[in-house]
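**Q**
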Amino acid sequence: MDTENECKKIINRMVFAYGAKTVKSLSELLGTTVSVIGNRVARNSIPYDLIVKCSIDTGANLQWVLTGEGEPNIDGIKTEKKSIELSSEALEKLERIAALKNSGAITDDEYQLLKSSIFKVG
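Each step along the sequence shown adds one to the number in this note's numbering, with nothing skipped, and position 72 is 98.
#1: With distance defined between alpha-carbon atoms, name the residue in Leu126, Val67, Lys79, Tyr137 nearest to glutamate 54.
#2: Which same chain residues, not among the five before or five after cysteine 33, have their C-beta less than 8 Å away from its C-beta?
#3: The alpha helix (DSSP H) that contains glycine 64, what's its start and end?
#4: Taking the alpha carbon of alanine 116 as the reference point, which residue from Gly64, Ala46, Gly57, Ile144 has its own alpha carbon closest?
#5: Ordered along the chain, which non-local residues of its own chain (more than five positions away) have a Cβ less than 6 Å from that of leucine 126?
#6: Quick check on asparagine 38: does DSSP put it in helix, strand or coil?
#7: Does the beta-carbon of arginine 122 have 16 or more other beta-carbons within 10 angstroms, so that it is buried, or is it exposed?
#8: Alpha carbons only, please: which of Asn31, Gln138, Val41 is nearest the one belonging to threonine 160?
#9: Verify whether the separation of the beta carbon atoms of isoleucine 82 and valine 91 is less than 8 Å.
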């Protein structure tokens with residue numbers, strides 16, 4: 027983990043996780059003071075205790091809060107990985123319109139329109 031300004035990045039992710047507007051409001055949510063957070067940032071001292079509290083309070087992924095990697099998984103902002111199953115017919119249509127686009131027979135806009143018609147629900 028690159029530690030240059032890492033504490034500040036962590037604090038910013040915690041602000042996001044709580045939905046706080048300011049570091050002051052974050053400090054209140056964490057039950058600490060702005061000066062404690064400011065000192066941690068100034069010293070680039072990773073606030074492991076506050077990271078754990080943030081994760082418990084918000085449901086945020088510990089790895090994401092600490093490193094910025096992975097999904098945040100914040101309560102109310104859960105992300106889902108979705109997959110699309112295509113029928114062989116839809117896949118063939120998609121391949122044909124891609125070939126038309128690549129050959130210059132249709133414009134990008136026409137390609138997008140045709141592609142979206144393949145994926146219409148209903």
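Even glycine gets a Cβ: it sits at the ideal position worked out from N, Cα and C. Values in this document were obtained by computation on a predicted structure and should not be read as measured data.
**A** Reading from the atomic positions:
#1: Looking from the CA of glutamate 54, the closest CA among Leu126, Val67, Lys79, Tyr137 belongs to Lys79.
#2: The residues are Arg66, Val67, Arg69, Asn70, Ser71, Ile72, Pro73.
#3: Glycine 64 -> alpha helix (DSSP H) spans 60-69.
#4: Looking at the Cα atoms, Ile144 is the closest of the given residues.
#5: The residues Ile132, in chain order, have a CB closer than 6 Å to that of leucine 126 in the same chain once the five nearest residues on each side in sequence are set aside.
#6: Residue state, collapsed to three classes: helix.
#7: Of the other Cβ atoms in all chains shown, fewer than 16 fall within 10 Å of the Cβ of arginine 122; this residue is therefore exposed.
#8: The chain is shown from 27 up to 148; residue 160 falls before or after that span and cannot be answered.
#9: Going by C-beta atoms, isoleucine 82 is not nearer than 8 Å to valine 91.
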